[in-house]
Amino acid sequence: MRTRRGTVFVYFALLVWTLVVVAPLFWMVTTSFKEKIDVFLGPKFLPGVDFTPTSRWWTRIFTVERDTLLRPYANSLITAGTSSFLATVLGALAAYALTRFRFKFGPMKNEDILFWIVSQRIMPPIIVVFAIFLMFRVTRLLDTHAGLILVYIVFNLPLAVWIMSNFLSQIPPSVEEAAMVDGASPATTFFRVVVPMILPSLTATFLLCFVFAWNEFLFALILTYTRAQTMPLLIAAQHFQRGPQWWDISALSTLAVLPPIVITVALQKYFVKGLIPIGK
Amino acid sequence: MRRIAAFGVLALLVVGCAVALAQTRRFEGVTITVFTQPPPYIAKPVLMFAPDWERLTGAKVKLITAPWGELYPKMYSSFALGQALFDIVIAPAAWLPDFAEAGFLAPLDELIGADPYIAWGDILPVYRDRIVSWAGKIYAVPMDGDCHIFYYRKDALENPEYQARFKAKYGYDLPVPPRTWKQVRDIAEFFHGWDWDGDGIINYGVVEPRRYAGQADWCFFSRAVGYVALPDQPGGLFFDPETMVPRINSPGHVKALEDYVDIIKFGVPGMLLMDSGEVRSVFASGLAAMAIDWGDIGVISDVGEESRVRGKVGYAVLPGSTEVWDFAQGKWVTLAEPNQAGYLAFGGWVAAIDRNSRNIAAAYDFISYLSRPENSYISVTTSETGFNPYRASHFEKLAGWIGFGFVNPAAYLGAIRDTIDHPNVQVDLRIPGAARYFEALDAQLALVAAGQKTAKAALDEVAKIWEQITDELGRDKQLKAYRLSLGLPVP
Amino acid sequence: MIGKSARRQGRAFLTPTVILLLCFTIFPLLFTLALVFGEAKFDEGGLRIGLVGLRNWTRLVHDARFWNAFSVTIRIVVAAVTLEYLLGLGLALLLDRKIRGRGIFRILFLIPMMLTPIAVGYMWRMIFDVGRGPITGILQRLGLPAVGWLTETRLAIYSIIITDVWQWTPFMFLILFAGLQAIPRDYVEAAKVDGASAWQLFRRVTFPLLAPASIAAVLLRGMEGFKIVDTIYIMTGGGPGRSTESLTLFGYSIGFRAFDLAYGATIAFSLFLAVMVGAIVFVTLSRRFRYVRLE
Numbered sequence: 013m014r015t016r017r018g019t020v021f022v023y024f025a026l027l028v029w030t031l032v033v034v035a036p037l038f039w040m041v042t043t044s045f046k047e048k049i050d051v052f053l054g055p056k057f058l059p060g061v062d063f064t065p066t067s068r069w070w071t072r073i074f075t076v077e078r079d080t081l082l083r084p085y086a087n088s089l090i091t092a093g094t095s096s097f098l099a100t101v102l103g104a105l106a107a108y109a110l111t112r113f114r115f116k117f118g119p120m121k122n123e124d125i126l127f128w129i130v131s132q133r134i135m136p137p138i139i140v141v142f143a144i145f146l147m148f149r150v151t152r153l154l155d156t157h158a159g160l161i162l163v164y165i166v167f168n169l170p171l172a173v174w175i176m177s178n179f180l181s182q183i184p185p186s187v188e189e190a191a192m193v194d195g196a197s198p199a200t201t202f203f204r205v206v207v208p209m210i211l212p213s214l215t216a217t218f219l220l221c222f223v224f225a226w227n228e229f230l231f232a233l234i235l236t237y238t239r240a241q242t243m244p245l246l247i248a249a250q251h252f253q254r255g256p257q258w259w260d261i262s263a264l265s266t267l268a269v270l271p272p273i274v275i276t277v278a279l280q281k282y283f284v285k286g287l288i289p290i291g292k
Numbered sequence: 005m006r007r008i009a010a011f012g013v014l015a016l017l018v019v020g021c022a023v024a025l026a027q028t029r030r031f032e033g034v035t036i037t038v039f040t041q042p043p044p045y046i047a048k049p050v051l052m053f054a055p056d057w058e059r060l061t062g063a064k065v066k067l068i069t070a071p072w073g074e075l076y077p078k079m080y081s082s083f084a085l086g087q088a089l090f091d092i093v094i095a096p097a098a099w100l101p102d103f104a105e106a107g108f109l110a111p112l113d114e115l116i117g118a119d120p121y122i123a124w125g126d127i128l129p130v131y132r133d134r135i136v137s138w139a140g141k142i143y144a145v146p147m148d149g150d151c152h153i154f155y156y157r158k159d160a161l162e163n164p165e166y167q168a169r170f171k172a173k174y175g176y177d178l179p180v181p182p183r184t185w186k187q188v189r190d191i192a193e194f195f196h197g198w199d200w201d202g203d204g205i206i207n208y209g210v211v212e213p214r215r216y217a218g219q220a221d222w223c224f225f226s227r228a229v230g231y232v233a234l235p236d237q238p239g240g241l242f243f244d245p246e247t248m249v250p251r252i253n254s255p256g257h258v259k260a261l262e263d264y265v266d267i268i269k270f271g272v273p274g275m276l277l278m279d280s281g282e283v284r285s286v287f288a289s290g291l292a293a294m295a296i297d298w299g300d301i302g303v304i305s306d307v308g309e310e311s312r313v314r315g316k317v318g319y320a321v322l323p324g325s326t327e328v329w330d331f332a333q334g335k336w337v338t339l340a341e342p343n344q345a346g347y348l349a350f351g352g353w354v355a356a357i358d359r360n361s362r363n364i365a366a367a368y369d370f371i372s373y374l375s376r377p378e379n380s381y382i383s384v385t386t387s388e389t390g391f392n393p394y395r396a397s398h399f400e401k402l403a404g405w406i407g408f409g410f411v412n413p414a415a416y417l418g419a420i421r422d423t424i425d426h427p428n429v430q431v432d433l434r435i436p437g438a439a440r441y442f443e444a445l446d447a448q449l450a451l452v453a454a455g456q457k458t459a460k461a462a463l464d465e466v467a468k469i470w471e472q473i474t475d476e477l478g479r480d481k482q483l484k485a486y487r488l489s490l491g492l493p494v495p
Numbered sequence: 005m006i007g008k009s010a011r012r013q014g015r016a017f018l019t020p021t022v023i024l025l026l027c028f029t030i031f032p033l034l035f036t037l038a039l040v041f042g043e044a045k046f047d048e049g050g051l052r053i054g055l056v057g058l059r060n061w062t063r064l065v066h067d068a069r070f071w072n073a074f075s076v077t078i079r080i081v082v083a084a085v086t087l088e089y090l091l092g093l094g095l096a097l098l099l100d101r102k103i104r105g106r107g108i109f110r111i112l113f114l115i116p117m118m119l120t121p122i123a124v125g126y127m128w129r130m131i132f133d134v135g136r137g138p139i140t141g142i143l144q145r146l147g148l149p150a151v152g153w154l155t156e157t158r159l160a161i162y163s164i165i166i167t168d169v170w171q172w173t174p175f176m177f178l179i180l181f182a183g184l185q186a187i188p189r190d191y192v193e194a195a196k197v198d199g200a201s202a203w204q205l206f207r208r209v210t211f212p213l214l215a216p217a218s219i220a221a222v223l224l225r226g227m228e229g230f231k232i233v234d235t236i237y238i239m240t241g242g243g244p245g246r247s248t249e250s251l252t253l254f255g256y257s258i259g260f261r262a263f264d265l266a267y268g269a270t271i272a273f274s275l276f277l278a279v280m281v282g283a284i285v286f287v288t289l290s291r292r293f294r295y296v297r298l299e
């Protein structure tokens, strides 16, 4: 396994997959630097060789179109960030309760409650979206950050609870019990003792929830108009009466992928460690 | 004491002046909301004219938008839930019957009658009398005039050498513009697959929308109208005006659908999944010889920056057919001259007011401001508004069009005018549930275009679904609405 | 011992979650059920739902378009999830070694998952474009004819699958990689000491110990996959014909574009049932593999 041939094969395979990943991305990024006519008379591959790159789309995004762009970007950051944070916290609390305390709601015991929570993820958004539209209409939550944040929390809670409960069930409660015997309340115990131990799992959950919320389309489409518009909607809106505006779509998509990447790089240490117990 | 009195008089004077000043602006403090699709298309004129109107009236305009696919459900539920979330909606004319029938809209007859600026008579009769009125009342103001016209590349069809080769191959003179779909097919075949404009890139015969949910259904009706709509027999396109039986599966429609599928092989590669927007860009980039569209191809070809066909585009009324399906006689008849028709596809965008709005007067004032001749002329001659001409005055002044960038506005406007004024002009389907009827057709069109179903089977299926929808919505009600939309007397 | 009040406080941690979930699922579920067994009429009084029994279900069962959407969705999910699993597993195994640049590869491989599906749809629509896409360009340079990846009825569904695999293999990779890290080194070392070959090691030790992760990955991805809509909507709109129309897309067309709320709700509900049944079946079958004995 540590033979030279083995290592060469490994590198070769990895590079092949790298190519598979990078090639489409390369196409997308270079398209954002093409003149319209270069897109229509394509395919043109290499900037500088097949076509003369232009920065006008990018410039336009950051100057003339800045307001159209800034709001969705900010909206996406706010809704995805807040909802993931809250989903993580609430999910962790719920998972902690389910793994440390006994529940009985009628015939439902802990495992059943957990199953119910996780099964909410099975619910396809399209079922509930119109009903939620009507609910928000009545409570005036349409086109608001708060409304979308609430929906994303609910949408991500099952995932958060699942990941956290998997992790927590691996950790023996001895440390917390010691703290609680010393007189600490459950809340204090949780935040002072448990959280540091489960930090990797928390960050993993946060990241997954963030990515899902950041890229979510259907709820954002139905539940917002203009004020709370998110990035995926903005990208989809670049399809005017002239057909898809490939250059703008490419530029905006490139911009949209940056925050998740940045967060992933920043939190990557925790990411993998946090998901380990799922494999148990 | 005297100081207090003096102060009091001064205060009264100040207040009095303020009140007087405030009252010179008619709608001071009022906010009206306008709901339509996101800018630029359709919403841009709102953004263009709102600041001036706000200054004149003291009111504020708030623009709320939602993507095209969301407009209908959001408008409908907003009206139905009764909270007048939007004062004004700018919506496709085809939805007007649904909204008006359900009592959602405010009738505008009196407001229009009392309006000195709107120049109602300047609006072309078909839009004025048939598109924005319902059951004898006016419920909207036109913002945009829609019809389908036929586009072709002059540098291809008018080239003498190609004309000679065409005649040699097909045995008749290349008609410019073509007047029947058979001719279109031959021309498409002739110009398909070689570089006839000398730019080193292969060209193709036609480009038309075929994508599901891509407005292909209007393209189909444009192709059908010549086969089934005779000037003295109203209602050929959709239903029998006596019985409300669908006519969508008539032999004429089936033939049109077969043409619709047959021409794909002479189309730009990938045409099967193109929607009407993409078709425009493709034609403007020079790949195809012919196309069908609203006025947008004309605009993009001469004004758009990706256009490589500026000044090379010809415009015409939609081709038709010498073989026509005569409903009265129940058979095919052959005419000496091709039967053509104008098809007011989509009917245009119109502005209507929610009956529950608390600012009906202010809302109407804004709509009127947008529609008055001078302002609407600017809208139809500014790029990216999506508004096409609908007033006589739009067609008469050419200066604005030339300034807009058109090379040959007279020809462009001529084709549109000929279509709207055509003796055999056909309006689009304007009854409640129009969206549902069209959706049923759209779904079947996609199957036939992909070769998964025959034209006859598909249209028979559509007819069946249309009957179900009619029964569900109330046969008599639909019949009455249909006759109204055709301008026929209602028993 | 933990006191009673402490226990109550601990239990209260569950409350916010339960309340939120109830609020957002009870009413919508009831509303949807009402629509499924009823019809929706809008009039001046607002939205009225009248119950009509099983009419929507009869219509659904006899609707060829429904069965087509069902078949399309299942085919996409099975093919895509299988490929994603195999590729994800391969990548996880490859990166489970000490090689240089491991961290960079890991981040790079995760990127496709970070893109919004709408953007991925547009990107691959460009790439697959029969006239102007890079694949056509490369084929032509090799002297081969262009291929209508999205416009050929038989091919379109494979193009959708390819796009899905490109985007979601990282997800499988992530979970399986974490699972691999969790395998205690002792087992691996013990097996190697016993003289196991690479394949035997994989088959007897690695793969079985990876079972929980595999199950979780396939289940999660399968459930998500059933809901596929964004990419299809952008790339083919369900076409050519109906060869790529998924259940969610079908439900969206009926419920929102034709505004037939009751039937749209029925379609959506059938999707829910399908996923639920699939998940339960899968979990039951996989329970047999959860507990591994190592001889």
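Protein chains in written order, with the numbering used here: chain W, 13 to 292; chain A, 5 to 495; chain D, 5 to 299.
All residues carry an ideal CB built from backbone N, CA and C; glycine is no exception.
A quick note: this is a predicted structure, and the numbers were derived from the prediction, not measured.
Straight-line spacing of the CA atoms in Leu-211 of chain W and Asn-122 of chain W works out to 24 Å. Rounded to whole angstroms, the Cβ separation of Ala-320 of chain A and Asn-428 of chain A is 15 Å, and the two are not in contact under 8 Å.
In terms of Cα proximity to Trp-39 of chain W, the closest of W:Ala-249, W:Phe-117 and W:Gly-54 is W:Gly-54. Here Leu-178 of chain A is not near Lys-186 of chain A, since their CB atoms are 8 Å or more apart. Relative to Phe-287 of chain A, the option among A:Arg-157, A:Ala-356, A:Ala-168 and A:Pro-413 whose CA is nearest is A:Arg-157. Judged by DSSP secondary structure, Ile-108 of chain D falls within the alpha helix (DSSP H) whose first and last residues are 106-118. The DSSP assignment places 42-47 and 50-55 as complete runs of the beta strand (DSSP E) inside the segment 27-75 of chain D, in order along the chain (cut-off: 3 residues).
By the Cβ neighbour-count rule, Tyr-176 of chain A is exposed, with fewer than 16 other Cβ atoms within 10 Å of its own. Its Cα nearest to that of Val-173 of chain W, the residue W:Cys-221 stands out among W:Leu-267, W:Leu-58, W:Leu-279 and W:Cys-221. Flagged as an interface residue toward chain W: Ile-111 of chain D, by a C-beta distance shorter than 8 Å. Non-local beta-carbon contacts of Phe-399 of chain A in its own chain, meaning distances under 7 Å to residues more than five positions away in sequence, involve Pro-393, Leu-417 and Arg-421 in chain order. The three-state reading of DSSP puts Trp-138 of chain A in strand, counting E and B together. In the structure shown, the three-state DSSP call for Tyr-319 of chain A is strand. For Ile-49 of chain W, the chain A residues whose C-beta falls within less than 8 Å of its own C-beta are Ser-289, Glu-310 and Arg-312, listed in chain order.
Interface residue (Cβ-Cβ distance to chain A less than 8 Å): Ile-234 of chain W is classified as such. The segment 41-56 of chain A makes no contact with the segment 360-367 of chain A: fewer than 3 CB pairs, one atom from each, lie closer than 8 Å. Closer than 9 Å at the C-beta level to chain D, one finds these residues of the segment 29-53 of chain W: Trp-29, Thr-30, Val-32, Val-33, Val-34, Ala-35, Pro-36, Leu-37, Trp-39, Met-40, Thr-43, Val-51, Phe-52 and Leu-53. Look at Val-211 of chain A here: in three-state DSSP terms it is strand.
Residue W:Gln-132 holds the alpha-carbon nearest to the alpha-carbon of Leu-224 of chain D among W:Gln-132, W:Thr-94 and W:Ala-158. Taking Pro-65 of chain W as reference, the option from W:Lys-48, W:His-157 and W:His-251 with the minimal CA-CA separation is W:Lys-48. Close to Pro-20 of chain D, with beta-carbon spacing below 8 Å, are these residues of chain W in chain order: Leu-102, Leu-105 and Ala-106. Proximity of chain A to Arg-254 of chain W at the Cβ level (cut-off 7 Å) is accounted for by Gly-281, Arg-284, Ser-285 and Ile-304, in chain order.
Chain order gives no chain W residues near Ala-200 of chain D, where near means a beta carbon separation below 7 Å; the closest approach is about 11 Å. The Cβ of Ser-247 of chain D sits closer than 8 Å to at least one Cβ of chain A. One alpha carbon belongs to Pro-119 of chain W, the other to Val-81 of chain D, and they sit about 35 Å apart. Look at His-152 of chain A here: in three-state DSSP terms it is coil, with no helix or strand label. Distance from the CA atom of Leu-89 of chain W to the CA atom of Ala-97 of chain A, rounded to whole angstroms, is 38 Å. Using a Cβ-Cβ cut-off of 8 Å, Thr-389 of chain A does not count as an interface residue toward chain W, since no Cβ of chain W sits closer than that to its own. Shown in chain order are the members of the segment 146-158 of chain D whose Cβ falls below 8 Å from a Cβ of chain A: Ala-150, Gly-152, Leu-154, Thr-155 and Thr-157.
Looking at the DSSP output, Ala-144 of chain A sits in a beta bridge with A:Ala-356. Using a Cβ distance threshold of 8 Å, Phe-154 of chain A and Pro-413 of chain A do not count as a contacting pair.
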